[in-house]
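Colleague: Can you read through this structure? Questions will come right after.
Number of protein chains: 2
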Amino acid sequence: MQKRVTVAVDAMGGDNAPVEIVKGAVEAVNEHDDLKVILVGDEGTVLKELAAYTFNKDQVEVVHASEVITNNEHPVAAVRSKKDSSIVVAQKLVREGKADGFVSAGSTGAVLVGGQFVVGRIKGVERAPLAPLIPTTKGFSLVIDCGANVDARPSHLVQFAKMGSIYMENIMGKKNPTVAIVNVGVEEEKGNQLVKETMPLLKACDDINFIGSIEAREIPNGWADVIVCEAFTGNVIIKLYEGVAAALLKKVKEGMMSSLRSKLGALMVKPALKKTLKEFDISRYGGAPMLGLTGLVVKSHGNSDATAIKNSIAQCIAFSKQDIPGKIKAHIGTKQSTPKA
Amino acid sequence: MQKRVTVAVDAMGGDNAPVEIVKGAVEAVNEHDDLKVILVGDEGTVLKELAAYTFNKDQVEVVHASEVITNNEHPVAAVRSKKDSSIVVAQKLVREGKADGFVSAGSTGAVLVGGQFVVGRIKGVERAPLAPLIPTTKGFSLVIDCGANVDARPSHLVQFAKMGSIYMENIMGKKNPTVAIVNVGVEEEKGNQLVKETMPLLKACDDINFIGSIEAREIPNGWADVIVCEAFTGNVIIKLYEGVAAALLKKVKEGMMSSLRSKLGALMVKPALKKTLKEFDISRYGGAPMLGLTGLVVKSHGNSDATAIKNSIAQCIAFSKQDIPGKIKAHIGTKQSTPKA
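Chain order of the listed sequences is A and H. Per numbering that gives the first Met the number 0, the first sequence starts with residue 0, numbered consecutively. Per numbering that gives the first Met the number 0, the second sequence starts with residue 0, numbered consecutively.
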């Protein structure tokens, strides 16, 4: 018999909760026989949503949580004070081994704080990074770390490189993924203190495919599969990616709407344009894994629909089946990964 | 009689040197009676180029330099060893007071190194930042610092904020420009060590219009006129701006060329699109000032044409007439700007 994977889902988090979250969870169990979903949130609300669907009752459980953490709350304070929130209750299920993974489209801050302090890190992992996928002209890359832990040390970045490689290879199917560190130039002597100290450590790792520095200009061209940086830089990358794309598309639309001729042209261009631009939509890869924890935590985009939630749940299944925590433990334990920085 | 401004121009630097550089210099003197340009480079080559144009001979001088620093050379080593390069010879003219400003489309690294060590900083200025203008949906913003000095201290960022404000107000004509610091969130407690330490210092400055943190997502929306960051972050911002825009436009083109219908539409959309996209072209603001030096150093984009060079020279004229070095000296000397960090 196959091992059953259990995923706790925050039924109350995100712009489209609970409707799309519950719908996505049902779609996931209907696609995966070996999956059990625990929907965490207000029991009455969740049961009412569930009533609309047909599914194997064995595969869905509802765990009541009376509170919700909103995006406007201070994450640390909220996780501490709202013990009965859907995020904290669900993450406790992971810590206690009752769930293998956790999916939320709610407060990123609370998910990250809860990941560190409620779920807990794998032994030997110094920091648990958030690693969203970004679109590139070649496909996608993983940017690790975009989380809340700024001011990282070289040893953290080395662990990020290893965890990111394991994720890309085993979950995203990229064989022997290339790893690069974000830098201000590709020359040997370039970089800030952190990059200069990290560089020789990454070079010494024999369990990753390290290719050196990557300039930010080349990130959208997909020059590396795993892009290592500390979280301040990662945040700038992810948010600027979104911001520049949105501003530029606004300009494209303005141009298209500026004359009768261009408006007619726009009508003809639109269907083809929609398709190529969708390939470059950052929210398409909404489910950002938080790695290095005893179970997988997936932070789904705030505006996730049922499909996005279903895909995030599928990530948790793969994560558990591939025993990513076991693989991380094995690689983090190697000599090169715990240098005295 | 008006004060005459003298600008030294690197005739040998950039993809289009010497043709476009010499042409731009001639166009500048033909537009500005009070301008003198010193073209620095191989005398024979420059004189041959000049022979094609009509201009007031009093306004153009050629100073011979037998060497050229290329983009492939290590900047520090090149500036040290090539004493007779166009960059070093021209920057010496600024140091000796024979020129008020310097324009180059050549090696960015060599221009920055020469700025620090050949031209020299204004007394009291701790670091000379490179501050390119970037397009936004509202117009443009100044990103300071995007230079070579990574690992800045809080007191450096405070000086960047002041110098950037002076430049935007006096050269770019933005009245009381808003200043923001790049951060991972807008909440008070967010930020890395550097941002947290710099924040109260910026708040205490009464000579800038500080509005707090800016997330990278909002940079393309023009939320602040002066965007303060240390050079590693600034480099990521500038280069990712270019990279994402290029990748996205590639996708737009792909979409437009994907079917007969979309190709016909593209023909109709093209003229209008060209216009709006030009407004968002980062190379349009090719002349990035390096501030805090005794004379203005303008790093023009490597692919600068005559118009770009002419515009960079015009920046030097305004810089000198507005006595920016005097204004910087006055503000850098204030109490808030030299905190013990």
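All C-beta atoms in this analysis are idealised placements derived from N, C-alpha and C, irrespective of residue type, glycine included. Computed from a predicted structure; not experimentally measured.
Taking 8 Å as the threshold, find out whether the region 149 to 168 of chain A comes into contact with the region 253 to 270 of chain A through three or more Cβ pairs.
Modeller: Judged by Cβ distances under 8 Å, the region 149 to 168 of chain A makes no contact with the region 253 to 270 of chain A, as fewer than three pairs qualify.
Colleague: For H:Ile308 and H:Gly172, what's the separation of their Cα atoms in angstroms?
Modeller: Looking at the two C-alpha atoms, the distance is approximately 20 Å.
Colleague: Check for me: the alpha helix (DSSP H) holding A:Met267 runs from which residue to which?
Modeller: Start and end: Leu259 to Glu278.
Colleague: A:Asn302 touches chain H at which residues, Cβ-Cβ below 8 Å?
Modeller: Per Cβ cutoff of 8 Å: no residues; A:Asn302 is ~15 Å from chain H at best.
Colleague: Residue range of the alpha helix (DSSP H) that A:Ala29 falls in?
Modeller: What sits at residue 29 of chain A in the sequence shown is Asn, not Ala. Segment Val18 to Glu30, the alpha helix (DSSP H) holding A:Asn29.
Colleague: Which chain H residues are close to A:Met255, counting only those with a beta carbon under 8 Å from its beta carbon?
Modeller: Val268, Ala271 and Leu272, listed in chain order.
Colleague: So the alpha helix (DSSP H) H:Ser154 belongs to, where does it begin and stop?
Modeller: That run of the alpha helix (DSSP H) goes Pro153 to Asn169.
Colleague: Whose C-beta lies closer than 7 Å to the C-beta of A:Pro131 among residues of the same chain, with five residues either side of it excluded?
Modeller: For A:Pro131, where only same-chain residues beyond five positions count, the Cβ hits under 7 Å are Val142, Cys145, Ile237, Tyr284 and Ala287.
Colleague: Kindly list, in the order they appear in chain H, the residues whose Cβ is closer than 7 Å to that of A:Gln115.
Modeller: Going along chain H, no residue has its Cβ under 7 Å from A:Gln115, so there is no contact; the nearest lies around 16 Å.
Colleague: Against A:Tyr52, what residues of chain H qualify as contacts under a CB-to-CB distance less than 8 Å, listed in chain order?
Modeller: By Cβ distance, chain H contributes nothing, its closest Cβ being about 36 Å from A:Tyr52, past 8 Å.
Colleague: Assign A:Val235 to one of three DSSP states: helix, strand, or coil.
Modeller: A:Val235: helix per DSSP, three-state reduction.
Colleague: Does the beta-carbon of H:Ser84 have 16 or more other beta-carbons within 10 angstroms, so that it is buried, or is it exposed?
Modeller: Answer is buried; the Cβ neighbour count reaches 16.
Colleague: Suppose contacts are defined by Cβ-Cβ distances below 8 Å. Is H:Pro74 in contact with H:Val102 by that definition?
Modeller: Going by C-beta atoms, H:Pro74 is not nearer than 8 Å to H:Val102.
Colleague: Can you list the beta strand (DSSP E) stretches of 3 or more residues lying completely in the region 305 to 335 of chain H, in chain order?
Modeller: Within the region 305 to 335 of chain H, no complete beta strand (DSSP E) run reaches 3 residues.
Colleague: Going by beta carbon distance, what residues of the same chain come within less than 7 Å of A:Lys81, once the five residues before and after it are set aside?
Modeller: Excluding positions up to five away in sequence, the list reads Glu66, Ile68 and Val87.
Colleague: Can a CB atom of chain H be found closer than 8 Å to the CB of A:Gly242?
Modeller: It does; some Cβ of chain H falls within 8 Å.
Colleague: Kindly indicate if chain H contains any beta-carbon less than 8 Å away from that of A:Thr5.
Modeller: A:Thr5 does not count as touching chain H.
Colleague: Since H:Ile226 contacts H:Val181 with CB under 8 Å, what's their CB separation in whole angstroms?
Modeller: With 8 Å as the limit, H:Ile226 and H:Val181 qualify as a contact, their Cβ atoms being about 6 Å apart.
Colleague: Which partner residues of A:Glu48 appear in the DSSP bridge assignment?
Modeller: Answer by DSSP bridge pairing: none, since A:Glu48 is not bridged.
Colleague: If you follow the beta strand (DSSP E) that A:Ala287 is part of, which residue opens it and which one closes it?
Modeller: From DSSP, the beta strand (DSSP E) with A:Ala287 extends over Ala287 to Met289.
Colleague: Cβ of A:Asn234 within 8 Å of Cβ of H:Val149?
Modeller: No, they are not a contact pair.
Colleague: Locate the beta strand (DSSP E) running through A:Thr177, then write down its first and last residues.
Modeller: Its beta strand (DSSP E) spans residues Thr177 to Val181.
Colleague: Answer with buried or exposed for H:Arg79, where buried requires no fewer than 16 other C-beta atoms within 10 angstroms of its C-beta.
Modeller: Classification for H:Arg79: exposed.
Colleague: Nearest chain H C-beta to A:Asp205 closer than 8 Å, yes or no?
Modeller: No, A:Asp205 does not count as interfacial toward chain H.
Colleague: Mind checking H:Ala313: buried by the 16 CB within 10 Å criterion, or exposed?
Modeller: Answer is buried; the Cβ neighbour count reaches 16.
Colleague: Please state whether DSSP places H:Ala215 in a helix, a strand or coil.
Modeller: Helix, per DSSP.
Colleague: On the premise that A:Ile165 lies in contact with A:Lys328, defined as a C-beta separation below 8 Å, what is that separation, rounded to the nearest angstrom?
Modeller: With 8 Å as the limit, A:Lys328 and A:Ile165 do not qualify as a contact, their Cβ atoms being about 10 Å apart.
Colleague: Going along chain A in order, which residues have a C-beta closer than 8 Å to the C-beta of H:Glu70?
Modeller: The identity of residue 70 of chain H in the sequence shown is Asn, whereas the question assumes Glu. Those do not exist, as H:Asn70 stays about 11 Å from chain A at its closest Cβ, beyond 8 Å.
Colleague: Among all the DSSP beta bridges, which residues are the ones paired with A:Gly40?
Modeller: Answer is A:His63.
Colleague: Pick out whichever of H:Val110, H:Ile323, H:Met162 and H:Leu201 has its Cα sitting closest to the Cα of H:Glu12.
Modeller: In the sequence as displayed, the identity of residue 12 of chain H is Gly instead of Glu. Among H:Val110, H:Ile323, H:Met162 and H:Leu201, the Cα nearest to that of H:Gly12 is on H:Val110.
Colleague: Any chance the region 58 to 65 of chain H sits against the region 34 to 43 of chain H, with 3 or more Cβ pairs inside 8 Å?
Modeller: Output reads yes: the region 34 to 43 of chain H touches the region 58 to 65 of chain H.
Colleague: If you compare alpha carbons, which of A:Met198, A:Ala104 and A:Phe159 is closest to A:Glu19?
Modeller: With distances taken between Cα atoms, A:Glu19 lies closest to A:Ala104.
Colleague: What whole-angstrom Cβ distance do H:Ser261 and A:Met267 have, given they're in contact under 8 Å?
Modeller: Yes, they are in contact, since the Cβ atoms of H:Ser261 and A:Met267 sit about 6 Å apart, within 8 Å.
Colleague: For chain H, check one thing: does any of its Cβ atoms lie closer than 8 Å to the Cβ of A:Lys339?
Modeller: For A:Lys339, the pLDDT reaches just 39, beneath the cut-off of 50, and the residue's location in the model is therefore unreliable, although a value from the coordinates is still provided. Taking Cβ atoms only, chain H never reaches closer than 8 Å to A:Lys339, which makes this a no.
Colleague: Check distances from the C-beta atoms of the region 153 to 184 of chain H to those of chain A and list, in chain order, the residues that come in under 9 Å.
Modeller: Residues passing the 9 Å Cβ filter: Val181, Asn182, Val183 and Gly184.
Colleague: Quick check on H:Arg94: does DSSP put it in helix, strand or coil?
Modeller: Residue state, collapsed to three classes: helix.
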